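Data block below; observations after.
Numbering (the numbering used here), first residue to last: 18 to 214.
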């Protein structure tokens, strides 16, 4: 049985209800409010790609070093990142990752069923970590020019393997190689929202 919340006391001619000791307000309060963690209403959801982004679709890259180039979409790497290639022999775009927001999908398709892309993931494209130099070493080595690292043989061999399978499919379609080698640009008066991609 719990203790009563209030106690009734008689004072002279009247009665008064006094809160019980357990129900009284505390005499001590912290100087600062204790932080209460916010309720997180956001949930990590897998990135849903546009329906036009299907493997084999020809994409136009809108930003970066290869902006304006037409490339072939090979597969999704998750987190909205796409694996694309030129092919390198046609327009100089190697196997690389591209954010899905920076591409326009066209209605042109290439058959990529013969291309093996199982080994390509984010770890494949990860850069090697360099040993960090101290401030003094970095200061004195600052004038020295950095040597350009050669491309690993594995990367160039993989590029040739993917290109070989893709080129066979591209040559089967007339004018497709010329279409992929041409770069995309807008001229004065062009209305991209009215174009049929």
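Cβ coordinates follow ideal geometry from the N, Cα and C atoms, glycine included.
Note that the structure is a prediction, hence the values are computed from the model and not measured.
According to the neighbour-count rule (16 or more other Cβ atoms, all chains shown, within 10 Å of its Cβ), is residue i buried or exposed?
| i | result |
| --- | --- |
| residue 83 | buried |
| residue 45 | exposed |
| residue 18 | Note that residue 18 scores 49 on pLDDT, short of 50, meaning its location in the model is unreliable; the coordinates nonetheless yield the value given after this. It counts as exposed. |
| residue 185 | exposed |
| residue 80 | exposed |
| residue 100 | buried |
| residue 95 | exposed |
| residue 86 | buried |
| residue 135 | exposed |
| residue 129 | buried |
For the beta strand (DSSP E) that contains residue i, what are its first and last residues?
| i | result |
| --- | --- |
| residue 43 | No beta strand (DSSP E) contains residue 43, which DSSP labels as neither H nor E. |
| residue 93 | 87-95 |
| residue 99 | 98-102 |
| residue 28 | 23-28 |
| residue 74 | 74-78 |
| residue 124 | 120-126 |
| residue 36 | 31-36 |
Just to check my reading of the structure: residue i and residue j have Cβ atoms closer than 8 Å, yes? What is that Cβ distance to the nearest angstrom?
| i | j | result |
| --- | --- | --- |
| residue 76 | residue 127 | Contact flag wrong, Cβ pair sits at about 11 Å. |
| residue 13 | residue 32 | In the structure displayed, the chain extends from 18 to 214; residue 13 sits before or after that span and is not available. |
| residue 107 | residue 194 | 6 Å |
| residue 88 | residue 102 | 6 Å |
Taking only the alpha-carbon atoms, compute the straight-line gap between residue i and residue j and give it to the nearest angstrom.
| i | j | result |
| --- | --- | --- |
| residue 97 | residue 54 | 30 Å |
| residue 49 | residue 64 | 41 Å |
| residue 141 | residue 177 | 16 Å |
| residue 90 | residue 57 | 36 Å |
| residue 188 | residue 104 | 12 Å |
| residue 196 | residue 60 | 42 Å |
| residue 28 | residue 36 | 15 Å |
| residue 200 | residue 146 | 35 Å |
| residue 66 | residue 117 | 8 Å |
| residue 133 | residue 174 | 13 Å |
| residue 125 | residue 207 | 20 Å |
| residue 143 | residue 165 | 17 Å |
| residue 111 | residue 204 | 27 Å |
| residue 172 | residue 192 | 29 Å |
| residue 131 | residue 169 | 24 Å |
| residue 179 | residue 51 | 59 Å |
Can you name the start and end residues of the alpha helix (DSSP H) that residue i belongs to?
| i | result |
| --- | --- |
| residue 185 | 170-189 |
| residue 195 | 193-198 |
| residue 106 | 105-108 |
Are there any heavy atoms of the ligand SAH lying less than 7 Å away from the beta-carbon of residue i, as far as the coordinates show?
| i | result |
| --- | --- |
| residue 70 | Among the ligands in the structure shown, none appear at all, so the ligand SAH cannot be discussed. |
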